[in-house]
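In this note's numbering, the protein residues as written are 19 to 244.
Here a beta-carbon is modelled for each residue, glycine too, at the ideal position from N, C-alpha and C.
Each remark here refers to the structure printed beneath this line.
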Amino acid sequence: MLLNEANEQEIRKTVEQILSRREFQHKEKNPIAQMINQIWESILEWVRGLFKNRQPQRQSRFNPNQFSQNVELILKIALIVLAAVVLFIVIRLVIKRIYLPGKMKKSKIPKAHEFLENPESALEKMKSLMDKGLFNEAMRYLFVAVLLELHDRKIIKIEKWKTNRIYMREITASSPQLVPPMRELSAVFNGCCYGNRNIDEECMNTWLQFYRNEKGKDEKTNQKVD
Numbered sequence: 019m020l021l022n023e024a025n026e027q028e029i030r031k032t033v034e035q036i037l038s039r040r041e042f043q044h045k046e047k048n049p050i051a052q053m054i055n056q057i058w059e060s061i062l063e064w065v066r067g068l069f070k071n072r073q074p075q076r077q078s079r080f081n082p083n084q085f086s087q088n089v090e091l092i093l094k095i096a097l098i099v100l101a102a103v104v105l106f107i108v109i110r111l112v113i114k115r116i117y118l119p120g121k122m123k124k125s126k127i128p129k130a131h132e133f134l135e136n137p138e139s140a141l142e143k144m145k146s147l148m149d150k151g152l153f154n155e156a157m158r159y160l161f162v163a164v165l166l167e168l169h170d171r172k173i174i175k176i177e178k179w180k181t182n183r184i185y186m187r188e189i190t191a192s193s194p195q196l197v198p199p200m201r202e203l204s205a206v207f208n209g210c211c212y213g214n215r216n217i218d219e220e221c222m223n224t225w226l227q228f229y230r231n232e233k234g235k236d237e238k239t240n241q242k243v244d
């Protein structure tokens, strides 16, 4: 840029020397001098325009601000993609290891309303599981058998939408003496189904005897009525 200014001053000096000659010093304006001035101004405009046009091109080759903005945008996109991938993996692991096993486990829990038409089938499954030593699974069917017995005695009314808490409220209203053992039995049932609690044969036989006692009460009541 300094070289261009030096050249411009050199040219301007040369032109001034030419115009200072005698033939150009008439009072009247010399057409040749006017022409040289016009040419000189045109050259200067062309040089200035040339440098103005070239300067943005040089800046566009490497603009640090623009470069940093592009890098930042690329990094943001990369982080968003990475976060989406990580989120997808986490959701998949949760579904595969927690949700699906929990859902499958819950689907295996017998429901009392499923045995209303054939109550004896719950006892048959309980005995089959006991013979195999699967006391946790057997306890689930024993609990159902107890609920079916209470339903038969009109202490509760089994329906599909009802929960164990609702049955406990019905037991409290109809037969308060059964509340303590039924609460304990419900806790054992919930531990086997949802708490990964393991019970042994002794625990199973204890509650099986409770069921037999309740079943016997029903038979004795019917005999007295007769």
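Sequence-distant residues of its chain with Cβ nearer than 6 Å to residue i (five each side left out)
i    : result
N182 : S204
P137 : L166
L141 : A163
L196 : I189
G151 : none
Alpha-carbon to alpha-carbon, residue j and residue i
i    : j    : result
S146 : S192 : 32 Å
E188 : K175 : 8 Å
E232 : Y212 : 26 Å
F133 : R201 : 22 Å
K178 : K129 : 8 Å
E158 : V108 : Correcting the residue identity first, residue 158 is Arg in this sequence and not Glu. Near 33 Å, if we compare the C-alpha coordinates of V108 and R158.
Y185 : A96  : 55 Å
K143 : D149 : 10 Å
T190 : A101 : 53 Å
L168 : V206 : 18 Å
C221 : P198 : 17 Å
I98  : N214 : 39 Å
K180 : C210 : 20 Å
E219 : K172 : 30 Å
F228 : N208 : 18 Å
N216 : K126 : 16 Å
S139 : V103 : 49 Å
T224 : V112 : 38 Å
P194 : E135 : 27 Å
For residue i, the three-state DSSP class (helix, strand or coil)
i    : result
W225 : helix
I173 : coil
I92  : helix
T190 : helix
E232 : helix
G209 : helix
R183 : helix
R215 : coil
Q75  : In this prediction, Q75 has a pLDDT of 48, which is less than 50 and means its spatial position is unreliable; nothing more can be read from the coordinates.
Residue burial classification, residue i (beta-carbon count within 10 angstroms, cutoff 16)
i    : result
L166 : buried
F153 : buried
K94  : exposed
E155 : buried
L105 : exposed
G234 : exposed
Spatial neighbours of residue i in its chain, beta-carbon cut-off 7 Å, leaving aside the 5 residues before and after
i    : result
L226 : L160
H131 : I176, E177, K178
L91  : none
Neighbourhood of residue i by C-beta distance below 8 Å, restricted to the same chain and skipping five residues each side
i    : result
R110 : none
Proximity test, residue i beta-carbon vs the ligand NAD heavy atom, cut-off 8 Å
i    : result
N216 : The model depicted lacks the ligand NAD and carries no ligand whatsoever.
Q: Please go through the segment 98-170 and give each complete alpha helix (DSSP H) segment of 4 or more residues, from N-terminal end onward.
A: 118-125, 138-149, 153-170
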